[in-house]
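Written below as structure tokens is the structure these notes are about.
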Ligand code: SAM
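Residue numbers (my numbering): 1262 to 1535.
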């Protein structure tokens, strides 16, 4: 993994408070992170030595889900909620390789993403970035950057990958997703990856990771059950194989490596609005 470096941050970025995007960047082996971000992962590592696999499997799922939409549906517009900091294989790069004119709108509210990511994510005429709170579907969808760019009357792909586990239960994540889905045209696709409580022998690991994440400088990371995560796809038909550990969702080939229990604590799924 690359060693993170601590460059000089612009004054408006608070490097004393952890940022979800920077914590994730660190877990992926990136360099856009600070001590306070690294502390979150290092604390979780005490209970889950392979904690980085949560981020690695999440990101790999995003790439495969994007490729799935681009190759197996006629959708050519994407709303990527919670873009994160630019990294290798951002959504627009994955889909525009297959569909050069696919439009991708990214949404994020992290000051570091807004400061550094916006320009990099808006790297051609078919990508846009909107700074908004993704817990507010009406605001996201009404934003001129989104509404003037994506045609909400046509099917689109909505990505909530590695985002909803950062929402606490007080905001009712299932109701938020119901509000998004209600606004989507039939034929639209929703892809979600989420920390998972398997309700079996691995639950103890999930519960311990949750405790550390929630009490870490980052302060969020809910591990929800299968029933809770199914409730994030209201009225949608789940694509085979349903909601499964991210690394098992249409892998690129047979699994030869032994899985780590951490990998059973993050799931992904894709649903279609008929
Ligand atoms: N989706 C990317 C991926 O899967 O590789 C990035 C995932 S990263 C773990 C979560 C991202 O969601 C962060 O960039 C964070 O800033 C963003 N995020 C979390 N809560 C958000 C909110 N309420 N509004 C906007 N963005 C949010």
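Don't be surprised by glycine CBs; every beta carbon is placed ideally from N, CA and C.
From residue 1293 to residue 1286, what does the alpha carbon distance come to, in whole angstroms? For this step, residue 1293 is matched to residue 32 along the chain shown. For this step, residue 1286 is matched to residue 25 along the chain shown. Straight-line Cα distance between these residues: approximately 6 Å.
Give me the Cα-Cα distance between residue 1436 and residue 1396, rounded to the nearest whole angstrom. What you label residue 1436 is simply residue 175 of the chain shown in a count that begins at 1. What you label residue 1396 is simply residue 135 of the chain shown in a count that begins at 1. Taking the straight line joining both Cα atoms gives about 10 Å.
For residue 1593, collect the residues of the same chain with a Cβ closer than 7 Å to its Cβ; drop the 5 residues on either side in sequence, then sort them by chain order. This structure gives no information on residue 1593, because the portion of the chain shown stretches from 1262 to 1535.
Can you tell me whether residue 1530 is helix, strand or coil according to DSSP? Working through the chain shown from its first residue, we reach residue 1530 at position 269. DSSP places residue 1530 in strand when its eight states are reduced to three.
Alpha carbon to alpha carbon, how far is residue 1425 from residue 1455? As a first step, residue 1425 must be located in the chain shown, where it is residue number 164. As a first step, residue 1455 must be located in the chain shown, where it is residue number 194. Distance between the alpha carbons of residue 1425 and residue 1455: 7 Å.
Any heavy atom of the ligand SAM closer than 7 Å to the beta-carbon of residue 1514? Here residue 1514 is taken as the residue at index 253 of the chain shown, counted from 1. No; taking the cut-off as 7 Å, the Cβ of residue 1514 has no heavy atom of the ligand SAM nearer than that.
Tell me whether the stretch 1487-1507 and the stretch 1524-1531 touch, counting them as touching only if at least three CB pairs, one residue from each stretch, are closer than 8 Å. yes
Starting from residue 1339 and walking both ways along the beta strand (DSSP E), at which residues does that stretch end? If you number the chain shown from 1, residue 1339 lands on position 78. Note, residue 1339: beta strand (DSSP E), 1338-1342.
Can you tell me the Cα-Cα spacing of residue 1308 and residue 1343, whole angstroms? Here residue 1308 refers to the residue found at position 47 when the chain shown is read from its first residue. Here residue 1343 refers to the residue found at position 82 when the chain shown is read from its first residue. Those two C-alpha atoms are separated by around 27 Å.
Three-state class that DSSP yields for residue 1273 in the structure shown: In the chain shown, residue 1273 corresponds to position 12, counting from 1. DSSP places residue 1273 in coil when its eight states are reduced to three.
Would the C-beta of residue 1449 count as close to the ligand SAM, meaning under 7 Å from any of its heavy atoms? What you label residue 1449 is simply residue 188 of the chain shown in a count that begins at 1. Outside the cutoff, so no.
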